[in-house]
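Comments concern the structure below.
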Amino acid sequence: MAVKLFNTITRRKETFEPLHEGRVGIYSCGPTVYDYFHIGNARVFIVFDVIRRYLEYRGYKVTYVQNFTDIEDKMIKRAAERGITLKELAEEMIAAYFADAQVLGVRPADHHPRATDFIPGMIELIQKLMEKGLAYQHQGDVYFSVENFPPYGRLSGQPLEELVSGARVEVEEGKRHPGDFALWKGQKAGEPAWESPWGPGRPGWHIECSVMAMEYLGDTIDIHAGGPDLIFPHHENEAAQSEGATGKPFSRYWLHAGYLKINKEKMSKSLGNVLTVRQILETVDPQVIRFFMLSSHYRSPINFSPELLEHAEAGLRRMQTMVANAEDLLAKLPEGEASAGKPLREKVLKAREGFIRAMNDDFNTAEGIADLFHLAREVNIYVNQAGPLDGGALREALDFYREVDDMLGFIFPASDGDSLEKEVEALIERRERARREKNWQEADAIRDKLKKMGISLEDTPHGVRWRREE
RNA sequence: GGCGGCAUAGCCAAGCGGUAAGGCAGAGGACUGCAAAUCCUUUAUCCCCGGUUCAAUUCCGGGUGCCGCCUCCA
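Residue numbers (the numbering used here): 448 to 917.
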């Protein structure tokens, strides 16, 4: 069964076919490293992390590239405010990115190129565009000429005239057309600069991604991904530069995530409601964040609020408890091949089928998660049975959850193999004895005591089980 | 002014031609020595009005309401 995905450029779901069979090149626009990344960035990182993993799960050899933009207006401004160099700012924030991404379970990309390492390539690309008559110089600046590139506007679905007739396009002196954008910016006083054929300056915002994407993935890449607000102008411009220079399609598929709002408001600096992942992680379990993000389709707009997160957490805990209970029981069961497990095995098979079907349909994690919950109910029923159980079937169910959690990353705890202190074990043993003697008073006293120590006990048909409580 | 998206139970959220997945919360019940965990039952004129169709939440047209992009933003 083939993977289908929604391609922004055609506005349709298409069957995914990579350029080279079995291999996929993905370029995902990474953060500008002037600050910690925010929860909206996190959505994009998590969603494309899962998409990447799913493609790997389907057997593709994926090369995943995500850049760091380390030269840009905001970088210059922030570095100046803090009285540090651009390089220092970038190093600090890149380290923070990796730290936060790891906590969120976002795997590092195969390559994390930084814009400033690719200045010569950018200059080369700009020169190529000038040779082709798609770029022109004005004093120390170089602009891309949108009029000379007829396909311009294709990705964002905007005819050129409309793009510029909106009253908000700033007409800069030196541009031949209001829609033209800077490929190279001549140095201004106090700004960092690199030597170029047009004098000292720095690259425009869009050129870096063109160069880095093609450097690692070739002239035509399979998937280009990013946040929703990158469609225009960033990706439009990127595509124009790249295709203008090479004459080849730049990306076969464009994937864009949906917006994330906070308390139903757009997240913006002026509203002062930008939430960094750092802040959120102070009080929220990263697995809850992942689960929350993946509970909706990646293209749907979603709202983020503490209340919504709490609801998500309640659901996630149920699934995690189910898995923990199943593991606990499995450890107590002799490995049997009782036929009692056959129905459960079939349900596992069904759940896997459903999950794959959902993910093949434009990475519908919401629907896939529904399949997971459906099976969770079956596992709970199975685990709570009093009769002889088939450990093999239970193991298959757990293996299935492990299998999908390799992509989703919110079910199993990062570190498992938790064990109890001797003292606690002794207490549990004493309570078991008390229960056998029907000494409920002592049994309950011990249970209360353990509860205060953060261990809760649950009596099941297959013996007592314990769980750590926060 | 141009382009695009969304409207499904108290809340969140899939589905998108054959009268509605899943989760949270609520209410009953079962299980339990008591709990916990779990299970069962229960809650939807699918924004409105037309049209196409044997059949529409699902397609088409028109409303209404939210939202986004066209400017730095994931």
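Glycine included, every Cβ here is placed at the ideal spot set by N, Cα and C. These figures come from a predicted structure and were not determined experimentally.
Here the C-alpha atom of Leu718 lies approximately 12 Å from the C-alpha atom of Lys708. Note that the region 623-635 touches the region 578-597; at least 3 beta-carbon pairs, one per stretch, sit closer than 8 Å. Counting the other Cβ atoms within 10 Å of the Cβ of Thr516 gives 16 or more, which makes it buried.
In terms of Cβ geometry, Arg914 and Ala787 do not form a close pair [threshold 8 Å]. Out of Lys794, Ala844 and Tyr507, the CA that lies nearest to the CA of Phe463 is found in Tyr507. Beta bridge pairing from DSSP links Ala582 with Phe591.
The region 521-534 makes no contact with the region 763-777, as fewer than three CB pairs between them are under 8 Å. In the DSSP assignment, Val512 forms a beta bridge with Tyr474 and His558. Across the set Leu502, Val512, Gln726 and Phe738, the C-alpha of Val512 shows the shortest separation from the C-alpha of Arg561.
Secondary structure note for Tyr829: it is in no beta strand (DSSP E), and the uninterrupted alpha helix (DSSP H) holding it is Thr812 to Val830. Going by DSSP, Pro650 is part of the beta strand (DSSP E) stretching over Gly648 to Pro650. Of the residues assessed, Glu608 falls on the exposed side of the cut-off, its CB having fewer than 16 other CB atoms within 10 angstroms. Here Val911 is bridged, per DSSP, to Asp906.
The beta carbon of Lys632 is closer than 8 Å to those of Gly587, Asp588, Gly648, Arg649, Pro650 and Gly651 in its chain, skipping five residues each way along the sequence. With respect to Leu841, Leu777 sits close: the two C-beta atoms are nearer than 8 Å. For Tyr700, the three-state secondary structure derived from DSSP is strand.
Excluding sequence positions up to five before and after Asn684, its CB lies within less than 6 Å of the CB of Phe628 and His653, all in the same chain and listed in chain order. C-alpha of Pro478 to C-alpha of Ile523: approximately 15 Å in a straight line.
Within a 10 Å sphere around the beta-carbon of Ala636 sit fewer than 16 other beta-carbons, which makes this residue exposed. Pairing Val795 with Phe847 gives a Cβ-Cβ distance under 8 Å. Approximately 19 Å separates the beta-carbon atoms of Val550 and Pro753; this is outside 8 Å, ruling out the contact. Asn827 has its alpha-carbon roughly 16 Å from the corresponding atom of Leu780. Asn772 carries a helical assignment under DSSP once its states are collapsed to helix, strand and coil. In the three-state reduction of the DSSP assignment, Lys713 falls in the coil class.
In this structure the region 737-752 lies against the region 489-496, because at least three pairs of beta carbons, one per stretch, are closer than 8 Å. For Asn488, the uninterrupted alpha helix (DSSP H) segment begins and ends at Ile486 to Tyr504. Annotation for His909: Leu776 and Lys779 place their beta carbon closer than 6 Å to its own, counting only its chain and skipping 5 residues before and after.
DSSP, reduced to helix, strand and coil, places Ile670 within a strand of the structure shown.
Ranked by Cα distance from Pro790, the first of Ala844, Phe596, Arg804 and Thr457 is Ala844.
With respect to the C-alpha of Trp641, the residue from Ala686, Gly568, Pro465 and Thr812 having the closest C-alpha is Gly568.
Distance from the CA atom of Arg799 to the CA atom of Arg849, rounded to whole angstroms, is 12 Å. Residue environment analysis places Glu729 among the exposed positions, since fewer than 16 neighbouring C-beta atoms fall within 10 angstroms of its C-beta.
Excluding five sequence positions before and after Leu581, the CB atoms of its chain that fall closer than 6 Å to its own CB belong to Ser592, Asn595, Phe596 and Gly691, given in chain order.
Under DSSP, Ala636 forms no beta bridge with any residue. Per DSSP, Leu845 is one residue of the alpha helix (DSSP H) stretching across Gly838 to Leu855. Where Ile727 is concerned, there is no enclosing beta strand (DSSP E), although the alpha helix (DSSP H) around it starts and stops at Val724 to Leu728.
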